[in-house]
Amino acid sequence: MTAPSTIVVKKYGGTSVGSLERIENVAARLAEDLARGEMPIVVASAMSGETNRLVAMAEYIDPDYRGVAYDMLVASGEQVSIALLAIALQKRGIAAQPLLAYQLGIQTDNVYSKARILKIEGERLLDLCRRGIVPVVAGFQGIDEEENITTLGRGGSDTTAVALAAAIGARQCEIYTDVPAVCTADPRLVPGAKELTRVSFEEMMEMAALGSKVLHIRCVELAAKYGIRIHLRSTFEAREGTWIVPEGEVMENPLVTAVTHDANTFVFVLHPVPAGTDFLANLFDRLATRGVVVDIITQSDTGGGQRLAFSVTKEDVALTRQTLKEFLPPGVDVETMEGMGKISIVGVGMRNNFGVAARFFRVLADAKIPVQLVTTSEIKISAVISSEFLSTAAGQLADSFELRTADAGASNRG
Ligand code: ADP
Ligand code: ASP
Ligand code: MG
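Going left to right, the sequence shown walks through residues 1 to 414 as the numbering used here numbers them.
What follows is the structure, encoded as C-alpha cells:
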C-alpha cells in the first residue's frame, strides 16, 4: 500500500493538546495544512499530566498491579483528547472522525503496559482520507487478540504515529512537540543546548534507549525498519525542526552528538545469588518475557556470595518486583537503590576515535561525581550516578564536548 504523498501522519503530544485553547490551536494548524492541499492523519496523546494522573490513581490502590485493568485505565486520556480535537475541527467546518485502536484494528501482543504493534488495517484510514474526512487517532493504545485494550509504554503515541505511517506506506511522519528540535541535550536541563538539523536513526535509538524522552524508542526502531523519515518539530512555531534519517544522509559527524540523561533509573541489587550462568539466563529471560528492559548489569564476588546489580527504568520497577517475587529462590536479598540517574553520551563519531571514554570519566571525576554502574557500546558511554548530580554532569559534558552555544555555557557556569 502506498499513500499519495499529500497524506501525512501528524502526531501532537501531550503539551500540544494540554488545554482547550491548545487543542483549538492544533485544529487551526491542521486547517492551514488542509488549505495547502495536505490531508492529515492526526495522532494525539492525552492532555499533558492526564496519563500521570491516571497512573497515580492505579498506584494508590495497588502500586504493583499491572495488567488489563491498568492498561484500560491509562489509555483513557487519549479518548478525551481525540474527541475534543475532532470537535474543534468540525467547528471549523472540517469533517473529522475520532478513532480508538479497536476501530482501526491496531493489533498488539498482550504484554500489557509494553505492548508491541503486530498489525494495523491502513485501508480504513486511506478510505476516510479519500472521502475528505480527517482521521484523529488515539495514540498509545492497541488491542490484543482477546479484544482487551493494551498500551505501548509511556511516550508510546510516537510509535502509533510511525506505525500508521508504515501501514499506509508513507515515506515520512511528523511529530509535533513542545521543543523546536532534537537538541544536543535536553534544553530544559542544559540551557544553550544546540538544535540538531539531522540525526541518524541509530543515534536517535541510543538516545531514546538511554532515557531521552523526546522520541519513544519503538517509534525510531519502526522508522528505521520501514525507512520512514521522522520530522520532529514545534507545535508552536512554523519553522522546520530535526529530521531523523538514515546515517548516510547525516553530513557532519562530530565526536559526540548528544548528552542524554535519565532521572528515572532504579538499581536492583540481589545478594547472594546462585553461582553459574543458568541462574542469570533464567532470570533475564523471565524479565524479558514480562517486557522489562534491563539496562546495565554487573556481577561481583563479595566474599559472602555473588552480588548482582542491574538497572531498569522507573516504569519497569513494578514489573521487576513482581517478577523477582515469583522467580527468586528463598534467601536472596533484594535491595533497591532509589534516586539514581543515568548520564550518557552518544555519537557515531565515537566509532573511530580513541580517548572519548577517558574524557567522559575525567569530566565526572573533576566534578567529583561517583559512578555506580557503567556500560559502553560502539556509539555510547553511559554511567549510573546519583540523580542529584545529573544536571552538573550534563552541563559539564556538554561543555567538554562543545555541545552548547558558548554564551549559554558561560552564563550557566558563571
Ligand atoms: P510530547 O508530549 O510532545 O510527546 P515529551 O515530553 O514526551 O513531549 O518529549 C518532549 C520533551 O523531551 C521536551 O520537552 C524535552 O524536555 C525533552 N527532551 C529530552 N531530551 C531532549 C533532546 N535531546 N532534545 C530535545 N528535547 C529533549
Ligand atoms: N499519554 C501517554 C503518556 O503520557 C502516551 C504519550 O504521551 O505518548 O505516556
Ligand atoms: Mg512524548
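No residue lacks a Cβ here, since even glycine has one placed at the ideal position from N, Cα and C.
Three-way DSSP call (helix, strand, coil) for I175 in this model: Along the sequence shown, read from residue 1 onward, the residue named residue 175 stands at position 175. Of the three classes helix, strand and coil, the one that applies to I175 here is strand, per DSSP.
Ligand 3 heavy atom lying under 6 Å from the CB of G155: Here residue 155 refers to the residue found at position 155 when the sequence shown is read from its first residue. For ligand 3, at least one heavy atom lies less than 6 Å from the Cβ of G155.
Nearest-angstrom Cα separation, counted from C129 out to M207: To locate residue 207, count along the sequence shown from 1; it is residue 207. To locate residue 129, count along the sequence shown from 1; it is residue 129. The C-alpha of M207 lies about 34 Å from the C-alpha of C129.
Among D71, V267 and A3, nearest to R416 - alpha-carbon criterion: Nothing about residue 416 can be read from this structure; the chain reaches only from 1 to 414.
Exposed unless 16 or more other CB atoms sit within 10 angstroms - verdict on E240: Position 240 of the sequence shown, counted from the first residue, corresponds to residue 240. Per the 10 Å Cβ criterion, exposed.
Check your reading: residues with Cβ closer than 6 Å to ligand 1 heavy atoms: Any residue whose Cβ sits closer than 6 Å to a heavy atom of ligand 1 makes the list: G13, G14, T15, S16, S45, G155, T177, D178, V179, V182, C183, A185, D186, P187, R188, S212, K213, V214 and A258.
Inter-residue Cα distance where the pair is A258 and K213: As a first step, residue 258 is located in the sequence shown; it is residue number 258 there, counting from the start. As a first step, residue 213 is located in the sequence shown; it is residue number 213 there, counting from the start. A258 and K213: Cα-Cα distance of roughly 13 Å.
Residues bridged to S377 (per DSSP): On the sequence shown, residue 377 is found 377 positions in, with the first residue counted as 1. Within the DSSP secondary-structure output, S377 pairs in a beta bridge with K380.
Collapsed DSSP secondary structure at V43 in the structure displayed: Against the sequence shown, residue 43 aligns to sequence position 43. In the structure shown, V43 falls within a strand segment according to DSSP collapsed to helix, strand and coil.
Distance, L126 Cα to N282 Cα: Residue numbering aside, residue 282 sits at position 282 when the sequence shown is read from its first letter. Residue numbering aside, residue 126 sits at position 126 when the sequence shown is read from its first letter. The straight-line gap from Cα to Cα measures roughly 45 Å.
For M340: DSSP bridge partner residues: Position 340 of the sequence shown holds residue 340. Per DSSP, the beta-bridge partners of M340 are T265 and S386.
Helix, strand or coil at V68 [DSSP, three-state]: Here residue 68 corresponds to residue number 68 of the sequence shown, with the count starting at 1. In the structure shown, V68 adopts helical secondary structure according to DSSP, grouped into three states.
Contact belief for L54 with V74 at Cβ below 8 Å, rounded distance in angstroms: Taking the first residue of the sequence shown as position 1, residue 54 is located at position 54. Taking the first residue of the sequence shown as position 1, residue 74 is located at position 74. The pair is a contact, with the Cβ atoms about 5 Å apart (cut-off 8 Å).
Beta-carbon proximity of M47 to I149, cut-off 7 Å: As a first step, residue 47 must be located in the sequence shown, where it is residue number 47. As a first step, residue 149 must be located in the sequence shown, where it is residue number 149. With a cutoff of 7 Å on beta-carbon distance, M47 and I149 are scored as not near each other.
Closer than 6 Å: T51 CB and nearest ligand 2 heavy atom: Translated into the one-based positions of the sequence shown, residue 51 becomes position 51. Within 6 Å of the C-beta of T51 there is at least one heavy atom belonging to ligand 2.
DSSP bridge partner residues for G142 (one or two, in chain order): Mapped onto the sequence shown, residue 142 falls at position 142. Within the DSSP bridge table, the entry for G142 names T150 as partners.
Touch test, the segment 58 to 73 against the segment 36 to 46, Cβ-Cβ under 8 Å, three pairs minimum: No, because fewer than three Cβ pairs between the segment 58 to 73 and the segment 36 to 46 fall closer than 8 Å, the two stretches do not touch.
Unbroken alpha helix (DSSP H) run spanning Q372, endpoints: Your numbering for residue 372 matches position 372 in the sequence shown. In the DSSP assignment, Q372 falls outside any alpha helix (DSSP H) and carries neither an H nor an E.
Supposed contact pair V256 and V356 - C-beta distance, whole angstroms, cut 8 Å: Here residue 356 corresponds to residue number 356 of the sequence shown, with the count starting at 1. Here residue 256 corresponds to residue number 256 of the sequence shown, with the count starting at 1. Confirmed, about 7 Å.
Rounded straight-line distance, which links the Cα of G347 to that of T260: Within the sequence shown, the letter at position 260 stands for residue 260. Within the sequence shown, the letter at position 347 stands for residue 347. Looking at the two C-alpha atoms, the distance is approximately 11 Å.
For V363, the three-state DSSP class (helix, strand or coil): Locating residue 363 in the sequence shown gives position 363, counting from the first residue. Residue state, collapsed to three classes: helix.
Where the alpha helix (DSSP H) containing K225 begins and where it ends: For this step, residue 225 is matched to residue 225 along the sequence shown. Per DSSP, K225 belongs to the alpha helix (DSSP H) from I217 to Y226.
Assigned exposure category for R66 - 16 Cβ within 10 Å defines buried: Against the sequence shown, residue 66 aligns to sequence position 66. It is buried - the Cβ of R66 has at least 16 other Cβ atoms within 10 Å.
For R53, the three-state DSSP class (helix, strand or coil): For this step, residue 53 is matched to residue 53 along the sequence shown. In the structure shown, the three-state DSSP call for R53 is helix.
F140 Cβ short of 6 Å to ligand 2 heavy atom set: By one-based count along the sequence shown, residue 140 stands at place 140. Within the cutoff, so yes.
Extent of the continuous alpha helix (DSSP H) to which D33 belongs: Position 33 of the sequence shown holds residue 33. Counting along the chain, the unbroken alpha helix (DSSP H) around D33 starts and ends at L20 to A35.
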